[in-house]
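Peer 1: Shown below is the structure under consideration.
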Amino acid sequence: MPIQPASHSWNDLRDQAERALRKEPILESIVQQVVLDHPDFGCALAYRVSRTLADTSEQANALFDRFASEHRMAPLLGEMAWRDLQAIVSRDPAFDTALEVLLFSKGFLSLQAYRIGHRLHQQDERLLAMFIQARCNERLGIDINPASRLGSGIMLDHGTGIVIGETAEVGDDVSILQGVTLGGTGKESGDRHPKVRSGVLIGAGAKILGNIEIGEGAKIGAGSIVLHPVAPHTTVVGNPARQVGKPRHARPALDMDQTFDES
């Protein structure tokens, strides 16, 4: 799926916000501050993230200025965020609109905080990047190392308890449910975390440990402990995980079918 310019849908998001104000006037302040007060999607994201992470209004203002600047310098941040947002609307029946995702999805929010932190980490601003990681862990219960490499069109469903380690990689169009760990196997250094390719679905509570590859279009069953590579378009379940067949869909992350047929 090609990345679509976020600017093409910003007006639609503002229209949703205007309708929400008419329907739920009690939410006027949050809708106004998160969406309608901003000229573009990047500024709205910068505001949403900064207000979540900051301790004081002064710190929130400083973070907002910095994050908005990063969005202006790197428009791809907004484009990738829009793909994440679209992924949630299309895959998660709990969210009907882009506005709902922007206002209420902590999985989406943590991803956009990670994206800023990753950019800062690449610019050798390690302390600020780690601050973002630590605050997301504290405030949202999601721990994504800023050095990890994540694609776009990612859905963190519910999000609580997700841990993604320093050298992990996650491809495009991946769905990860709550309680998932992409971790190491001990105290080893260097490249030590999983490489999750595109289209993968990882069920709730699954633990994928070590520098192993989860092939494109694979499905990891809920609660599985995965210690060995998983071939593309393969379903594994259990502790330790074992192959039980193949997903019904070429990219199981997109259809979110978590059932499986043993072969």
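Residue numbering for the sequence shown follows the working numbering, beginning at 291 and increasing consecutively.
The C-beta atom is built at its ideal place from N, Cα and C for all residues, glycine as well.
These figures come from a predicted structure and were not determined experimentally.
In terms of DSSP beta bridges, what is K313 paired with?
Peer 2: Paired residues: none, contrary to the question.
Peer 1: The beta strand (DSSP E) that contains V464, what's its start and end?
Peer 2: Per DSSP, V464 belongs to no beta strand (DSSP E) and is neither H nor E.
Peer 1: Rounded to a whole number of angstroms, what is the C-alpha to C-alpha distance between V470 and A494?
Peer 2: Near 6 Å, if we compare the C-alpha coordinates of A494 and V470.
Peer 1: Can you tell me the Cα-Cα spacing of P292 and R373, whole angstroms?
Peer 2: Annotation note: pLDDT 42 at P292 (below 50); position unreliable, coordinate value reported separately. For P292 and R373, the distance between alpha carbons rounds to 9 Å.
Peer 1: Does M279 come out as helix, strand or coil in the three-state DSSP assignment?
Peer 2: In the structure as shown, the chain begins at 291 and stops at 553. Residue 279 is therefore absent and cannot be evaluated.
Peer 1: What's the C-alpha gap between P295 and R538?
Peer 2: Below a pLDDT of 50, predicted positions are generally treated as unreliable, and P295, at 46, falls in that range; no measurement from the model is reported.
Peer 1: Suppose the cutoff is 7 Å on Cβ atoms and the five residues either side in sequence are ignored; what does the same chain contact list for P530 look like?
Peer 2: Cβ neighbours of P530 beyond the five flanking positions: I515, L517.
Peer 1: Could you tell me the boundaries of the beta strand (DSSP E) in which T342 lies?
Peer 2: Not the beta strand (DSSP E): T342 falls in the alpha helix (DSSP H), residues 331 to 343.
Peer 1: Identify, in the order they occur along the chain, each residue of the same chain with its Cβ nearer than 6 Å to the Cβ of L430, setting aside the five sequence neighbours on each side.
Peer 2: Excluding positions up to five away in sequence, the list reads K396, S400.
Peer 1: Please go through the stretch 415 to 462 and give each complete beta strand (DSSP E) segment of 3 or more residues, from N-terminal end onward.
Peer 2: With a minimum length of 3 residues, the continuous beta strand (DSSP E) runs that stay inside the stretch 415 to 462 are 445 to 447.
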